Amino acid sequence: MGALLAALGYDRWILHVLLVLPLVAVVPILLMPVAAAKRIALVATTLEFVLSLGLWWAVDTSSGTLQLTASVPWIPAWGISYAVGIDGISLTMVLLTTLLMPLCVLGSWTYITERERGYYAMLLTLITGVLGVFVATDLFLFYVFWEVMLIPMYFIIGIWGGKNRLYATIKFFVFTFAGSLLMLVAILALAWLVAGRTGILSFDYAHLLANAGAAGSLAPWLFAAFALAFAVKVPVFPLHTWLPDAHVEAPTAGSVLLAGVLLKMGTYGFLRFAVPFFPEVATSPWVTNLVLVLALIGIIYGALVAMVQPDMKKLVAYSSVAHLGFVMLGIWAATIQSIQGAILIMIGHGLATGALFFLVGMLYERRHTREIAAFGGIAKVVPVFSLLFTVVALASIGLPGLSGFVGEFLVLLGSFEAHPIATGIATTGVIFAAAYLLWMLQRLIYNPLDKPENATLRDLSARELVVLLPLVAGIVWLGLFPGPVLQRIEPAARRYIETVRGPMASLEMSQRIPGARP
Amino acid sequence: MMPLDVRTPLGAAMALLPEIALTLGSLVVLLLNAWRHRTAADSRMAGYVALASLVPSGLAVALLWTGGARPEGAPFMVALDGFRFAALGFILLATAATILLSLGYLEREGLIAPEYYALVLFAAIGMMFLVGAEDLIVLFLGLEVMSVAVYVLAGFNRGNVFSAEAALKYFLIGAFASAFLLYGIALVWGATGNTSLAAIGAGQTGGAALPVIGKIGLGLLLIGMGFKVASVPFHMWAPDVYDGAPTPVTGYMATGVKAAGFLALVRILTVAFPEAHEAWQPVVAGLAIATMVLGNLVALSQRSLKRMLAYSSIAHAGYLLTAVWAGSRLGTAATLLYLVAYGLTTLAAFGILGVLGRGGEREVTLDSIAGLARRRPWLAFAFAVCMLSLLGFPGTLGFVGKWAILASVVEARQLPLAVILVVTSLISAGYYLPVIMATYMREPGSADAHAEARLPRTAAAAVGVAIVLVLVFGVLPSAALSSAVATAGTMVQSIAGPLAGAGR
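So the sequences go chain by chain: A and B. Residue 115 in numbering that gives the first Met the number 0 is what sits at position 116 of the first sequence, and the numbering runs on without skipping anything. Residue 118 in numbering that gives the first Met the number 0 is what sits at position 119 of the second sequence, and the numbering runs on without skipping anything.
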């Protein structure tokens with residue numbers, strides 16, 4: 000495989016093609032008749048996924064540095080370039096994105112019935128924005144992608160959303176915009192401070208990372224600005240209030256992408272930028288305690304609120320708050336296991352929650368309601384649907400053998416030594432997750448069939464199975480064979496820990512904790 | 000390089016060639032009006048002649064600029080530097096756009112009076128003197144020529160009571176502002192013995208501080224200019240005047256007049272008073288903060304789109320004041336860049352608003368533009384781009400301008416001011432986004448809504464060019480940024496480049 004890719008010069012063009020292909024596809028989508036436009040969207044996103052698969056082999060698994068880098072001057076006078084690169088962490092996020100996209104197109108096939116061309120154009124623009132965030136290695140470029148991605152999501156919720164969509168979409172936009180504007184000031188300030196020390200004005204990631212010490216006494220403020228932008232996206236309690244609104248109002252594919260990919264941009268931002276730039280601030284006791292407390296509140300509060308939701312979509316939305324709390328815990332514990340676990344949760348949550356949103360959406364298409372109380376006992380009517388729903392929910396709970404388990408286990412294992420009490424409390428979150436998801440399963444699928452309108456539900460169509468089976472396959476694969484993924488994350492995780500704790504730390508870690516790869 | 004001996008009549012005439020050319024052009028328009036002033040066709044012809052008369056002036060600017068004209072011999076009352084030429088170019092373009100937007104508008108509103116175009120040209124001549132003035136007396140003359148013409152333009156819709164109110168209000172307040180300015184000039188002259196900006200600046204070097212009376216004069220100058228650019232607390236006139244004036248005139252006031260005021264202000268502060276920056280920087284910072292906060296907050300609660308844009312233009316004056324505050328080469332470049340970004344966007348926005356109104360733009364609210372995207376996708380797209388650019392969203396020129404302002408503030412190590420700027424920008428999302436939401440995310444109010452919302456061909460050309468420029472320079476801003484910095488460098492030599500401040 001490696002030889003084939005090398006022969007194609009894959010390394011040189013793949014990232015650019017991934018960024019440009021969706022935008023190119025937007026043109027025919029807007030011009031063609033609706034039926035053709037939908038097919039073009041499906042072909043383009045599938046092609047995007049197939050092309051991106053090569054990255055799995057192209058990224059060198061022994062190195063934690065950014066690879067496949069390319070840099071073209073964009074605004075040379077200000078040291079701004081179009082610069083991209085990828086490492087183990089962004090690799091997983093890119094593949095998650097490209098996997099979800101064709102499924103989202105297919106999942107919207109009958110759900111979206113008006114202004115389809117605009118819808119698919121927005122979906123494809125969103126791909127470019129999201130992938131750009133994960134591969135940008137210039138902070139200006141990163142910021143542009145970070146913001147530009149807002150617009151398609153804003154329209155997707157605002158045009159194709161539910162009844163309360165206008166409120167939800169402006170709340171989503173304003174929350175995210177608020178955080179990112181302060182990040183913009185921080186990016187500029189950091190670049191200027193670094194320029195003051197080195198004499199080179201540049202927004203290049205490596206340059207800023209190597210000289211971030213120039214921030215000096217401003218470091219806490221700059222960290223706070225970055226952290227706020229990312230915390231809104233994650234979302235960290237108490238900045239999460241936009242999330243349930245946006246999820247409930249968004250069309251199915253919008254919810255899938257929000258939960259599956261957009262939230263990960265926040266945790267990715269912490270891993271890539273906020274913490275490595277200002278490790279002293281991030282690891283100071285004050286910040287650590289604050290993050291741990293907020294992460295724990297997110298885990299417990301998210302789970303408790305999810306438990307009492309009558310609306311399935313809201314339940315899943317709040318469960319995201321809880322899952323992402325685990326990720327934050329893992330990032331701040333900063334051990335090899337906890338980082339690997341955090342990223343694994345990010346992937347697993349993308350697959351499982353994406354699948355849950357698809358399933359809820361499919362139910363909604365049939366009954367036009369998402370109230371849990373409107374269903375009950377549908378296992379006999381729609382056995383395939385019920386089976387898949389059960390598998391996915393169990394994955395979300397963290398049942399061993401499915402995707403959720405490995406990540407949560409690694410996070411708890413890796414965090415225990417550094418923060419035993421916090422880890423202990425977080426463990427209860429796993430139990431709560433079991434409670435709300437199993438309770439929903441019971442009320443939805445297994446109780447007696449007491450509503451006559453449910454007796455005539457159609458089971459999943461072939462198209463819907465095509466949407467769901469890749470996700471379920473991913474869930475099972477990640478649960479049974481997480482090794483290859485972990486192996487690709489490890490060098491980047493090790494490098495992250497070196498940046499945060501100094502070069503010796505990761506060596507010590509691997510000697511002390513049995514089971515870590517040398 | 001083209002040295003012009005400004006002591007000779009020929010040299011002086013060459014230095015003033017753009018202004019002279021436009022003055023001749025405006026006289027031609029006026030003469031034409033004397034013979035032909037009855038029908039719509041006459042009015043249209045006056046408009047096209049006015050448009051054509053901008054061309055020689057523009058060529059003269061290009062000649063002087065590319066020739067690298069510089070004064071020789073005695074100091075001259077009008078500057079010969081890239082900053083002036085860039086400013087002249089901007090004013091000519093804004094004037095051209097205004098004429099293009101007016102052509103269809105005046106006919107539709109039944110305002111058949113070809114003097115309109117002569118007045119637009121007179122205002123442009125005043126602006127040209129205002130932005131080129133190297134001397135406080137020329138500055139005052141330019142300001143008055145511009146203002147008197149715009150007073151009339153504001154009240155041009157004689158039958159409309161709001162238009163009359165706008166003209167009267169603008170005239171009275173403008174007279175006050177002129178008085179402040181004149182008194183300030185007198186005090187500065189008393190303190191320094193000079194009205195030449197360069198001589199005033201030179202007098203303060205070597206530790207010779209500006210006397211108190213000079214500082215008071217500077218303060219009065221700031222108040223006078225503050226009125227003209229509608230900075231809080233001197234902004235009270237702006238919403239009513241912007242609201243009442245014919246929409247193309249509002250666009251002209253929000254771009255041309257405001258830009259001319261800012262360009263003159265930058266020149267006064269950086270050429271005549273760079274040494275006194277400790278005296279004026281806190282004042283300008285205070286004005287900037289008050290303007291950003293109040294402009295944005297009040298814009299939030301407006302129902303009429305025209306009034307919303309009026310208040311938002313006050314808010315933008317606040318962002319521009321922030322760039323002026325920096326006082327550096329980068330700050331000056333940011334002012335230029337932001338004025339271009341803001342000018343293009345605002346002209347396009349007012350142009351679009353003009354066709355949405357159908358005789359009553361005061362009544363255009365979010366409800367009346369609901370569902371515009373369904374019926375007029377291109378118009379809605381252009382309007383959405385305007386809103387995003389005014390919001391400062393990446394991918395538009397508005398973002399590049401805001402980025403440059405932020406950079407100039409960060410360069411001067413004033414992070415709190417940068418934070419206030421972005422927080423107030425966030426507030427502006429609260430009134431720009433609902434416009435996009437109304438056009439794209441709501442259904443049209445009635446079956447025949449927006450049937451008549453169609454840009455006339457001339458206006459469509461102006462709006463189209465503006466939108467394309469906003470997007471192209473928004474994505475590829477490199478050329479615009481470097482030329483703005485280079486242009487600013489022709490006037491502000493004190494600071495070498497974007498990096499100079501970082502080492503402080």
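Just so it is clear, CB atoms sit at the ideal spot from N, CA and C, and this is done for glycine as well. In this text, all values refer to a predicted model and were calculated from it rather than measured experimentally.
With contacts defined as CB atoms closer than 9 angstroms, A:LEU14 and A:ILE85 qualify as a contacting pair.
B:ASP239: member of the alpha helix (DSSP H) spanning 236-243, first to last residue. At the C-beta level, A:PHE431 and A:VAL320 stay beyond 9 angstroms of one another.
At least one CB of chain A lies nearer than 9 angstroms to the CB of B:ARG441. Sequence-distant partners of B:ILE172 (beyond 5 residues in either direction) whose C-beta falls short of 7 angstroms from its own C-beta, in its chain, are PHE226, TRP236. Counting C-beta pairs with one atom in each stretch, the region 248-258 of chain B and the region 82-93 of chain B have three or more that are closer than 8 angstroms, which means they touch. Think of a sphere of 9 angstroms around the beta carbon of B:LEU167: no beta carbon from chain A falls inside it, the nearest being about 39 angstroms out. In the same chain as B:ALA309, and ignoring 5 residues on each side of it, the C-beta atoms closer than 7 angstroms to its own belong to ALA237, PRO238, TYR241, ASP242, in chain order. By the rule that beta-carbons nearer than 9 angstroms mark a contact, A:ALA214 does not touch chain B. None of the residues of the region 107-135 of chain A has a beta carbon lying less than 8 angstroms from any beta carbon of chain B.
Within the region 155-166 of chain A, the residues whose Cβ lies closer than 8 angstroms to some Cβ of chain B are GLY157, ILE158, ARG164, LEU165, listed in chain order.
Within its own chain, the residues whose Cβ lies closer than 7 angstroms to the Cβ of A:ILE296, once the five positions on either side in sequence are excluded, are PHE236, listed in chain order. B:THR321 and B:ALA287 do touch by the CB rule: their CB atoms are close to 5 angstroms apart, below 8 angstroms. A:TYR153 has a beta carbon lying within less than 9 angstroms of a beta carbon in chain B. A:ARG487 is classed as buried because its beta carbon has at least 16 other beta carbons within 10 Å across all chains shown.
DSSP places A:MET31 outside any beta strand (DSSP E), giving it a letter other than H or E. The three-state secondary structure of A:LEU323, taken from DSSP, is helix. Between B:TYR150 and B:PHE170, the beta carbon gap of about 5 angstroms places them in contact (Cβ cut-off 8 angstroms). For A:GLU407, the secondary structure class from DSSP, reduced to helix, strand or coil, is helix. Around the beta carbon of B:MET1, fewer than 16 other beta carbons sit within 10 angstroms, so the residue counts as exposed. Residue pairing by DSSP places A:GLN66 opposite A:ILE85 in a beta bridge. Around the C-beta of A:PRO278, 16 or more other C-beta atoms lie within 10 Å, and the residue is accordingly described as buried. Boundaries of the beta strand (DSSP E) harbouring B:ASP4: 1-4, taken from the DSSP string. Cβ contact annotation for B:LEU352 (same chain, cutoff 8 angstroms, sequence separation greater than five): THR246, LEU304, LYS305, LEU308, GLU360, VAL363, in chain order. Taking a C-beta cut-off of 8 angstroms against chain B, none of the residues of the region 331-362 of chain A qualify.
Within the region 377-408 of chain B, contact with chain A at the beta-carbon level (separation under 7 angstroms) is assigned to PHE392, PRO393, GLY394, LEU405, ALA406. For B:ALA68, the enclosing beta strand (DSSP E) begins and ends at 68-71. The beta carbon of B:TYR431 sits closer than 8 angstroms to those of SER311, MET386, LEU387, LEU389, LEU390, all from its chain and outside the five residues before and after it, given in chain order. DSSP, reduced to helix, strand and coil, places A:SER460 outside both helices and strands of the structure shown, so it counts as coil. Against A:LEU440, chain B offers no close residue; the least beta-carbon distance is about 35 angstroms (beta-carbon pairs closer than 9 angstroms). For A:GLU146, the nearest beta carbon of chain B is closer than 9 angstroms to its own beta carbon. According to the DSSP assignment, A:MET264 belongs to the alpha helix (DSSP H) that extends over 262-268.
Secondary structure note for B:PHE161: its alpha helix (DSSP H) is the uninterrupted segment 160-191. Taking B:ALA348 as reference, the option from B:MET291, B:ARG374, B:TYR251 with the minimal CA-CA separation is B:TYR251. For the set B:GLN203, B:GLY192, B:THR395, B:ALA132, the Cα lying nearest the Cα of B:TYR337 is the one of B:THR395. Among the residues of chain A, those whose CB is under 8 angstroms from the CB of B:VAL421 are LEU180, LEU181, LEU183, VAL184, following chain order.
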